[in-house]
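Some notes on the structure that comes next.
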Amino acid sequence: MAAAATYPFISLALPQNRTARLMTQLALVVGGTLLLTLSAKTRVVLGPVDMSLQTLAVMLIAATFGLRLGLATLLLYLAEGASGLPVFQGTPERGIGLVYMLGTTGGYLAGFVAMAAIVGWAADRGLDRSFFRFLGVLLVAEVAMLALGYAWLATIIGPQAAWTGGVVPFIVPDLVKVGLAAAIMPAAWSLRRKA
31 MAAAATYPFI
41 SLALPQNRTA
51 RLMTQLALVV
61 GGTLLLTLSA
71 KTRVVLGPVD
81 MSLQTLAVML
91 IAATFGLRLG
101 LATLLLYLAE
111 GASGLPVFQG
121 TPERGIGLVY
131 MLGTTGGYLA
141 GFVAMAAIVG
151 WAADRGLDRS
161 FFRFLGVLLV
171 AEVAMLALGY
181 AWLATIIGPQ
191 AAWTGGVVPF
201 IVPDLVKVGL
211 AAAIMPAAWS
221 LRRKA
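Residue numbers for the sequence shown follow my numbering, so the first one is 31 and each next one is one higher.
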């Protein structure tokens with residue numbers, strides 16, 4: 031039995047013409063960075079911790095775009111931030127450019143790239159079509175992102191403070207976002223099959 035061909039969700043909308051396809055992919059990557067910026071600037075206050083919608087955006091962009099376009103989107107986003115554009119949650123209030131990126135959120139920014147790689151890789155293999163399989167992938171991606179964020183933050187403020195301030199407050203909200211992403215992508219594929 032031959033394995034079914036898999037592809038990321040966005041490939042259903044890409045033109046066949048090579049030039050048009052490349053231009054569309056470029057527009058998607060730029061649009062993805064705009065979505066990442068908007069999600070970073072959208073704050074949801076839950077008690078003492080401000081939460082952004084950025085991890086949800088990273089998961090959905092990577093799942094929709096796949097590995098290559100998802101990583102391209104995250105890398106362009108980081109390049110925009112490194113160049114001084116105020117694309118991150120705390121910019122320009124807490125600094126801009128590399129100064130901000132090397133601060134307390136640097137590990138989380140690197141974690142977004144790891145998250146996009148894991149989720150995009152899984153989407154390229156069709157794992158985003160099943161709630162439970164995709165939920166497992168997203169949990170792995172979430173742990174990778176939080177681990178990188180924690181490791182970096184611990185070098186700046188110490189392990190205990192990094193754990194209590196940089197991981198614990200985000201566990202429940204991030205699990206909600208993981209659950210949302212795990213439900214959205216299989217639902218989108220189901221709707222696509224019915225269309």
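Beta carbons: idealized from backbone N, C-alpha and C, even for Gly.
Taking Cβ positions, are residue i and residue j nearer each other than 7 Å?
i    : j   : result
A211 : M89 : yes
T54  : L66 : no
A174 : A92 : no
Relative to the C-alpha of residue i, which candidate in the options has its C-alpha closest?
i    : options                   : result
T63  : F39, T94 and E110         : E110
L205 : V167, I186 and I187       : V167
F39  : D158, A184, L183 and A191 : D158
L178 : A213, P199 and T135       : T135
Y180 : W193, S220, L52 and A217  : W193
G137 : S160, T103, V74 and E172  : E172
T36  : A217, V170 and A152       : A152
On the criterion of 16 or more Cβ atoms from any shown chain inside 10 Å, does residue i qualify as buried, or is it exposed?
i    : result
M31  : Legend: pLDDT at M31 = 39, less than 50; position of this residue unreliable, no value from coordinates given.
V149 : buried
G61  : exposed
F118 : buried
G18  : With the chain running from 31 to 225 in the structure shown, residue 18 is simply not present.
L176 : buried
V75  : exposed
Just confirm the distance between the C-beta atoms of residue i and residue j, as a whole number of angstroms; I'd bet it's less than 8 Å.
i   : j    : result
V59 : L106 : 6 Å
Output the distance between the C-alpha atoms of residue i and residue j, rounded to the nearest integer angstrom.
i    : j    : result
F95  : V197 : 27 Å
A112 : G127 : 4 Å
M131 : L139 : 8 Å
R222 : L97  : 20 Å
L108 : G114 : 10 Å
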